[in-house]
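Down below is the structure, laid out as structure tokens.
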Amino acid sequence: MELWYTENHTDEVKFSIKVEEHLYSNQSKFQKIDVFKSNEFGTFFTLDGLMMVTEKDEFIYHDMIVHTALATNPNIKKVLVIGAGDGGTIRELTRYKTIEKIDLVEIDEEVVTVCQKFLPQTSEKLEDERVSMYFEDGLKFVRMTEKKYDLIIVDSTDPFGPGEGLFTAEFYGNCYKALSGEGILINQHESPYYDEFANNMKRAHKRIKEIFPICSVYQAHIPTYPSGHWLFGFASKKHDPIKDLKKEEWNKLGLKTKYYNTDLHVGCFALPNYVKEMLNNV
Amino acid sequence: MDIERQKETPLVEALKIYKKSRIVSFDVPGHKQGKSFKGLTDFFGEDCIKVDVNSMKPLDNLANPTSVIKKSEELMAEAFNVSKAFFMVGGTTSSVQAMLMSTLKEGDKIILPRNVHRSAINALILIGAIPIYINPGVEKNIGIALGMKTEDIIDAMDNNEGVKCVFVNNPTYYGICSDLKTIIEEAHKREVLVLCDEAHGTHFYFNDRLPKGGMELGADMASVSMHKTGGSLTQSSALLVNAKRINSNYVRTVINITQTTSASYLLMASLDIARKNLSLEGEKTFNKVLDLCDYARKEINKIEGYYAFSKELINNKNVFDFDETKLCVNTKNIGLAGIEVYDCLRDDYEIQIEFGDISNILAIVSVGDNEFTIERLVASLGEIKRRKEKKEQGDFIFEYIEPVVVTTPKYAFYAEQKTVEIKKSKGLVSGEFIMAYPPGIPILAPGERITEEVLNYVEYAKRKGSYLLGTEDIEVNYIKVSEEL
């Protein structure tokens, strides 16, 4: 008997991974959480059947969502992370000794509990003393926070279900309000390839562009995400991701990364023509 | 209410059986369960199109129900605890009109608040009854029309011969309730009927934290807009009857004068399903809605400049109670018109609310909402203030204009008319409506004298950007007047 995990990337395209063991399955208050073990991708977890994190390729996503901002402004002290209950983003952030405070806002506490149990690779640093966890709606948190952050990372699910509010104009506007003058907003920006994801991407870009003076998009290759071609948003009040890149300063830190490097930093903002066109036309 | 019985949906069950049967149709509708062409099924789905059918033996007939529609209407009556309920498929407008047409005859008088829905005045055009309007008063700070004072109704009943009915909004569009219990007692003492327009009050019957439904208080008829807050499909409604003073067979006859003989089974089935849901889940659902509204109000009121008003308006005169599910927010003090905030919510934040007037917006919170959607609304309002707040505060003062009723709306409507420039219409008798939002009160109705006060107000409302409508000329520069009067 063979057991396969399958995600529909579109109504007519499927992506499957052969599963060795179904480790966990439960409907939380917000979503269905599943954890699988596979030979090809190691342990991976899904929300409502959609791929979130695999042990094998999570380094790409977490490198890119964190280091791009920190190499642009190595003086970041206060960070807000929304989503990210798996802990991978937090793990990368805690590698910077200069970061003083990390607030993590995750709607679903059960995601954290499950990842702490099954995915120590990503969740190991959630206990870091600089990390405070809040289990609530990200939109509500940014709307109400009186703190000022130097960096907000939106490590959200797709914009349907509980993640929907994290793709809206009011969310980005409230992020702008919650950022210091040095502030940078990084968001998981969906994919340009399949229509449904491309529409989400265009919508998010349009909204962010209306709010932030500096707004660009960069890319990475993530094998387990739909089409494998994934985008991130870089928006900021002051720092330009390329002109202000602190190449030497960042390299001096001596952080060992598996995907990110400062050459790639410049290169990842160079986008294919069809993607540029989509972004220009929003 | 027998909960076990309320679990049944007779009309829906009959449609399910019909769907499974392999009947060959040689009747209307001509799309033949969607088999004629693919377009309908592609868009609406096969399940939906298959039950878009005509009246037939196993599915009963709305004009004269004897089986499954009859049973479904009975369950509706039980759910609202009334003697008779009619399914209506022409919107609550048709319910209101049926209510008036079955209680009034030419020359009869009816007492109604001036901020009545135009469907009621339109019904008077058909009937030839004489309106006696009550001034609802206006809340000066927030600029909305209120309810009727009981003493004004008593005065109107005692000082006019031939009053047949009192017509009450329960609640108004903005959620304001009059003292319906006392109004009903006083009216019945004088053998006057009480009719309730509950277009915005269906939910009142299913949760004790809400104001009371008119029929619970002994009203004679009520029009409940099941589709507005009850969860059924748009255009479906119900007319409730208390048989003590009303002959419901006569009501059926009146309904059949204007109601379609091809009533939509989609609409009727949705009434069946929504009624079941209200009976079984209503209390729980509206508890949740009320909690969401409480939360939203608290959070919105923390944003300086917005005022989400509620029960503090109650003064036991023209505000006897308030429907807290109407999330109405005054925007005057952020220097933006309600309509500007309304547009901004839709264009910039993809949030569609019910309406915006000069100084308020109204968001309807219902069964379909949750914590996340409320959070989006609150966050967007915060953003709109941050981005768009203006210093200057527009003020819009509404003065109630006592209507001078010269003749019945019917006479004025059917009389020979001519079109004149509105500026030159002083002293003439209007053949048309002029409505102004805000505060949602007719400035003129057919049969009323165009006074200097009216003309000044039209001018003022236009200048202030109030939304005027009702005349054939959409700019409201010209008005049709009656030639004979």
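Residue numbers (my numbering), protein chains in the order written: chain A, 1 to 282; chain B, 1001 to 1485. C-beta: ideal position from N, C-alpha, C; glycine also.
Closer than 8 angstroms at the C-beta level to chain B, one finds these residues of the region 152-170 of chain A: 162, 164, 165, 168, 169 and 170. Listed along chain B, the residues sitting closer than 8 angstroms to residue 137(A) by beta-carbon distance are 1371, 1372 and 1375. For residue 1408(B), the three-state secondary structure derived from DSSP is coil.
Within the region 139-214 of chain A, the runs of beta strand (DSSP E) that reach at least 3 residues and sit entirely inside it are, in chain order, 149-155 and 179-188. Counting other Cβ atoms within 10 Å of its Cβ, residue 1053(B) reaches 16 or more and is therefore classed as buried. In this structure residue 22(A) is exposed. Its beta-carbon is surrounded by fewer than 16 other beta-carbon atoms within 10 angstroms.
Where residue 1168(B) is concerned, the enclosing beta strand (DSSP E) starts and stops at 1163-1169.
At least 7 angstroms separates the CB of residue 1108(B) from every CB of chain A. Secondary structure of residue 1370(B) (DSSP, three-state): coil. By the neighbour-count criterion, in which 16 or more other beta carbons inside 10 Å mark a residue as buried, residue 1190(B) falls on the exposed side.
Sequence-ordered contacts of the region 1339-1363 of chain B with chain A read 1348, 1349, 1350 and 1351 [C-beta pairs closer than 9 angstroms]. Chain-ordered, the chain A residues with CB closer than 8 angstroms to the CB of residue 1378(B) read 143.
Residue 1331(B) sits in coil when the DSSP states are folded into three classes, being neither helix nor strand. Cβ neighbours of residue 1374(B) within its own chain (closer than 7 angstroms, five residues either side excluded): 1292, 1295 and 1296. Below the 9 angstroms Cβ cutoff, chain A contributes no neighbours of residue 1004(B), its closest Cβ being approximately 30 angstroms away.
Listed along chain B, no residue sits closer than 7 angstroms to residue 85(A) by beta-carbon distance, the nearest being about 17 angstroms off. Among the bridge pairs identified by DSSP, residue 1132(B) is matched with 1111(B). For residue 1360(B), the pairing in a beta bridge is given by DSSP as 1330(B). The three-state secondary structure of residue 1223(B), taken from DSSP, is strand.
In this structure residue 1246(B) is buried. Its beta-carbon is surrounded by 16 or more other beta-carbon atoms within 10 angstroms. Three or more beta-carbon pairs drawn from the region 1274-1285 of chain B and the region 1071-1082 of chain B are found closer than 8 angstroms, and the two stretches are therefore classed as touching. For the region 1379-1390 of chain B, the residues whose beta carbon sits under 8 angstroms from a beta carbon of chain A are, in order, 1379, 1380, 1382, 1383, 1386 and 1387. Per DSSP, reduced to three states, the secondary structure at residue 1449(B) is strand.
Residue 1483(B) is positioned such that its CB atom lies closer than 7 angstroms to that of residue 1416(B). At a Cβ-Cβ threshold of 7 angstroms, residue 1266(B) and residue 1088(B) do not count as neighbours.
Between the region 1217-1235 of chain B and the region 1018-1029 of chain B, the count of C-beta pairs closer than 8 angstroms stays below three; the two stretches do not touch. Straight through space, the alpha carbons of residue 1150(B) and residue 1461(B) are spaced by roughly 29 angstroms. Less than 7 angstroms separates the beta-carbon of residue 1379(B) from that of residue 143(A). If you draw a straight line from the Cα of residue 1318(B) to the Cα of residue 1384(B), it comes to about 33 angstroms.
Using a CB distance cut-off of 7 angstroms, residue 173(A) counts as an interface residue toward chain B. Taking C-beta separations shorter than 6 angstroms and ignoring five residues to either side along the sequence, the partners of residue 63(A) in its chain run 257, 259 and 260, following chain order.
Within chain B, no residue has its beta carbon less than 7 angstroms from that of residue 148(A); the closest one is some 15 angstroms off. The continuous alpha helix (DSSP H) containing residue 1282(B) extends over residues 1265-1302. The beta carbons of residue 1465(B) and residue 1434(B) sit no closer together than 7 angstroms. Residue 1364(B) has its alpha-carbon roughly 13 angstroms from the corresponding atom of residue 1227(B). For the region 30-60 of chain A, the set of residues with a beta-carbon nearer than 8 angstroms to any beta-carbon of chain B is empty.
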